[in-house]
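Asks: Structure below; questions to follow.
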């Protein structure tokens, strides 16, 4: 196993994002959560600094970097505001499908404005009848007189009401074996028949809008088809594994660091029986466990992402990282609340939010059960 | 017998008024002179038409005053002030030169030290003068977390700056001293003036200057909004006091401005009573209030570090306590 | 005036957020500062921002000059990511232990070596030492005019300088001409954030490391040996007080505070 270090440029990026997050996001992190509001002005600033378009190649106005740099940005953002990091992570999910499957024309049309943060992206797959069961999607697309007409309802879609450019999958026919086949369409905000529906009042990861999208005789030209008719499932699954799960894993590492740092701070400041509780061994053990969970999650996450950046096949490694990191974040947040006693449950401290955010990372991009199935499948193959 | 030590204090004046810090430093110089048993305190005043000001300096501890009265010295400027002082120092060879760390003093002192090739200690929190003439200068570093001793063993004069509020002035109504009028023309040549100070713009901040207030009500990040900040202002008003702030509160724009920031990078204060609300108690703030008479702190967080530095700790929400306090004070006054 | 050649003096300093964890070794009496992350001195970022804005206005070039150990290079490079064109790191064992005057000699030698420099900008003070000496002392050693605590700065196309120097209750307006050293107050501007394209560009910008010999300095004029001031013992200030906890309902708490105010003589 090689030495695990980040390059000087990656370290510089981490510092730059940290400074931005501490100045612009940390002060409003509580408000974002309390009001469940997404600070779009902050997103635009991050776009202008190149953070939103980190994975977009330079020829389309991005930084041309990999998922490792993206994970650094997400981790640093999630250190103080995992909910807002979710907005950024989903934006990049939308970018990823365009990047991997878009035609040259589509890339030129959409990527520059997504890279610079002038526009927000999204990806809409999940429906009431299925999320990880991609085949369960009921929405349809029919080709009529050279126009696709889309109908149906998407749910639990992140950035549903804010996204300017959304990639939407719908059932467009059957494959050779008679199974339903799906296609992806690029739909812009404001397209007639395409509208956000109800917004979910989430328990965690608040500050990223999540809700319904409705397709009601929404018309799309043939140039809106992404990656060829019938390829929607493959594309969505690949993007969700590559960008969705690595993103959730990085967000969890950010939450873990928050738990570690807040726990340490509290343990040093809180005085009981005349000395800081950090001097108590029972507290020291909790801090040590937080550190172990953070370090392990960080290693698994950046290892899996490193493999992906190197071009390897690593769905099981990504699933392992996502499964471990999200669950570890829940454990660490619970542990930190425990060591804080009554203060842990008071919203003046951010740790209660960290616990809610950590719990909410589990279903995003596939639950822990689904992750374990991916891992088992590859292990038993 | 040891050589008689000579301590100089550079007097800062703005529009003919002596800066408070200069009198504080003069007070400290008197104390040093007493410590070293055999020292003389000399005040040096530069300006234009400042004769009356110079006459007052013996009452604040000067044994002797050098007065340089020249229209070209009306406004502070480093070229002019440093030229005059360098010539005087080279002629008189004082052992110690002390300067208030005001905005101008912070520039004048290092300028002079570089011209004279001597050592300078910045923002001293204390000074000691030994009988052999060695000056021990205590300086804060790392935002006041560490205090270091500084010596200037070889070069002379030994130079130090002192922040406003650190020492107290002395009043010696009966004392008289020699006033020496210096000739500006022989100390300053027009050819060496490269910069011109064209005007002084006074932006007098409203209310009591924080360094002079007997009561300071200070707020930090925990105050949360401009609206809540008004509560501190109302409370301070009851005492003709001042409102102070921490850097996070200043950065939020709730406060009266930079001149109200207390701490290692702001003001050092010593009120009779300091009441802090919504302040966590970072050391760089606390070093600025350590000489306060009574410190009362109000913070919702029972674990806030400020409680370790306070005489009275109120672990409650300031939004509950301060309005009640305000009402009771108003009742008490009527 | 054909563009501005600006040197910006920068100093890597331990992150002020960590100063409370600084310890003094009880045996040696030396500061334990290992493991503290370095950042660019906050005030220097304001100086760099001022330089970048001036070059945007007048065209020209911004070179950072820093006296620091070689391991500070990555921190100095953060200034390249913000937009500076080049960095000079003045680094030599002989520079260690320098006070502000000995530091200023090295910085001035670096600026002279650069040649052609219209304007030197620096943060008014550093976060660690906080002396605010360096801008004035560099100016004296270079023999050019200097100003510090500057909150507003204007340079016209004929190299005339107008500046406002912060005073206690206002400011003094000063006029002069380039070349000049200016200590920038944090109130002058808001430094830009480091952008990702800036970080990428920084990796290829020129960085020069120069030592005592390159600068033609006498070893006796630099470092601890060349410093007129010498450090003595370190200590930590004792700030703690015996806190008495006041308990009760707001009305009761207020009553106690009023009583304390009376006994301390601020309320009759």
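Chains as they are written, first to last, in the working numbering: chain L, 26 to 406; chain B, 2 to 335; chain P, 596 to 863.
Ideal placement from N, C-alpha and C gives every residue a C-beta, glycine not left out.
1. Helix, strand or coil for residue 2 of chain B? Go by DSSP, reduced to three states.
2. Suppose you measure from the CA of residue 391 of chain L to the CA of residue 137 of chain L; what does that come to, to the nearest Å?
3. Check this for me: beta carbons of residue 17 of chain L and residue 253 of chain L, under 8 Å apart or not?
4. Please report how far the alpha carbon of residue 653 of chain P lies from the alpha carbon of residue 323 of chain L, in whole angstroms.
5. For residue 217 of chain B, list the residues DSSP reports as bridge partners.
6. Which residues, in chain order, does the segment 288 to 305 of chain B contribute to contact with chain C at a C-beta distance below 9 Å?
7. So with Cβ pairs under 8 Å, would you call residue 854 of chain P a contact of chain L?
8. At 3 residues or longer, and completely inside the segment 624 to 666 of chain P: list those beta strand (DSSP E) runs for me, N to C.
9. Nearest chain P C-beta to residue 67 of chain B closer than 8 Å, yes or no?
10. What residues from chain P crowd round residue 200 of chain B, counting only those whose CB sits closer than 8 Å?
11. Which residue wins for smallest C-alpha separation from residue 817 of chain P, given the options P/687, P/658, P/661, P/847?
12. Please confirm if residue 2 of chain B has its CB atom under 8 Å from at least one CB of chain L.
13. What runs of the beta strand (DSSP E), each 3 residues or longer, lie entirely inside the segment 100 to 149 of chain L?
14. Give the single residue among P/729, P/832, P/693 whose Cα lies nearest to the Cα of residue 536 of chain P.
15. From the DSSP output, in three-state form, read off residue 39 of chain B for me.
16. List the whole-angstrom C-beta distance separating residue 329 of chain L from residue 229 of chain L, where the pair is believed to meet the contact cut-off of C-beta under 8 Å.
17. Can you check whether the C-beta of residue 373 of chain L is within less than 8 Å of a C-beta belonging to chain B?
18. If you measure from the beta carbon of residue 755 of chain P to each beta carbon in chain B, is any gap under 8 Å?
19. Assign residue 2 of chain B to buried or exposed, taking buried as 16 or more other Cβ atoms, counted over all protein chains shown, within 10 Å of its Cβ.
20. Applying a beta-carbon distance threshold of less than 8 Å, which residues of chain L neighbour residue 571 of chain P?
21. What residues from chain B crowd round residue 749 of chain P, counting only those whose CB sits closer than 7 Å?
22. Looking at residue 42 of chain B: is its Cβ nearer than 8 Å to the Cβ of residue 63 of chain B?
23. Would you list, in sequence order, the uninterrupted beta strand (DSSP E) runs of no fewer than 3 residues that lie entirely inside the segment 253 to 314 of chain L?
24. Going by DSSP in three states, residue 31 of chain B sits in which element: helix, strand or coil?
25. Under 9 Å Cβ-Cβ, which residues of chain P neighbour residue 151 of chain B?
26. Would you verify that the beta carbon of residue 396 of chain L is, or is not, closer than 8 Å to some beta carbon of chain B?
27. Mind pulling the chain B residues with CB within less than 8 Å of residue 867 of chain P?
28. Would residue 206 of chain L and residue 199 of chain L qualify as a contact pair, given that the criterion is a beta-carbon distance under 8 Å?
29. Within a Cβ cutoff of 6 Å, which residues of the same chain sit near residue 632 of chain P, ignoring the five residues on either side of it in sequence?
30. Name, please, each residue of chain L whose Cβ falls closer than 7 Å to the Cβ of residue 790 of chain P.
31. Taking the runs of the beta strand (DSSP E) that are 3 residues or longer, which of them lie wholly in the segment 202 to 261 of chain L?
32. Does any CB atom of chain P fall closer than 8 Å to the CB of residue 40 of chain L?
33. Have a look at the DSSP bridge pairing and note the partners of residue 339 of chain L.
34. Going by other Cβ atoms of all chains shown within 10 Å of its Cβ, with 16 needed for buried, is residue 260 of chain L buried or exposed?
35. Would residue 673 of chain P count as contacting chain L if we go by Cβ distances under 8 Å?
36. How far does the alpha helix (DSSP H) with residue 68 of chain L in it reach, from first residue to last?
Replies: Once the coordinates are examined:
1. The predicted position of residue 2 of chain B is uncertain, since its pLDDT is 46 and thus under 50; no value can be drawn from it.
2. 29 Å
3. The structure shown does not extend to residue 17 of chain L, since chain L spans only 26 to 406, so no value can be given for it.
4. In a straight line, the C-alpha of residue 653 of chain P is about 46 Å away from that of residue 323 of chain L.
5. BP columns for residue 217 of chain B point to B/243, B/275.
6. You won't find chain C in this structure, because its protein chains are L, B and P.
7. no
8. Within the segment 624 to 666 of chain P, the complete beta strand (DSSP E) runs of at least 3 residues are 633 to 635, 655 to 662.
9. no
10. 767, 768
11. The candidate whose alpha carbon is nearest that of residue 817 of chain P is P/687.
12. Bear in mind that a pLDDT of 46 at residue 2 of chain B, under 50, signals an unreliable position, so the number given afterwards is only what the model happens to contain. Among the CB atoms of chain L, none fall inside 8 Å of the CB of residue 2 of chain B.
13. 146 to 149
14. Any property of residue 536 of chain P remains undetermined from this structure, which presents chain P solely from 596 to 863.
15. coil
16. Not really, about 23 Å apart at Cβ, beyond 8 Å.
17. yes
18. no
19. In this prediction, residue 2 of chain B scores a pLDDT of 46, lower than 50, which makes its location untrustworthy; the coordinate-derived value is nonetheless stated afterwards. Counting the other CB atoms within 10 Å of its CB gives residue 2 of chain B a total below 16, which places it among the exposed residues.
20. Not covered by the structure: residue 571 of chain P. The range shown for chain P is 596 to 863.
21. None at all; the shortest Cβ gap to chain B is about 13 Å.
22. yes
23. Counting only runs of 3 or more, we get nothing.
24. helix
25. 694, 824, 825, 826, 827
26. No, residue 396 of chain L does not count as interfacial toward chain B.
27. The question about residue 867 of chain P has no answer here: the residues shown for chain P are numbered 596 through 863.
28. Cβ distance < 8 Å, so residue 206 of chain L and residue 199 of chain L count as in contact.
29. 610
30. Per Cβ cutoff of 7 Å: 74, 75.
31. 205 to 213, 219 to 224, 235 to 246
32. yes
33. According to DSSP, which records beta bridges pairwise, residue 339 of chain L is partnered with nothing at all.
34. By the neighbour-count criterion, in which 16 or more other beta carbons inside 10 Å mark a residue as buried, residue 260 of chain L falls on the buried side.
35. yes
36. 65 to 73
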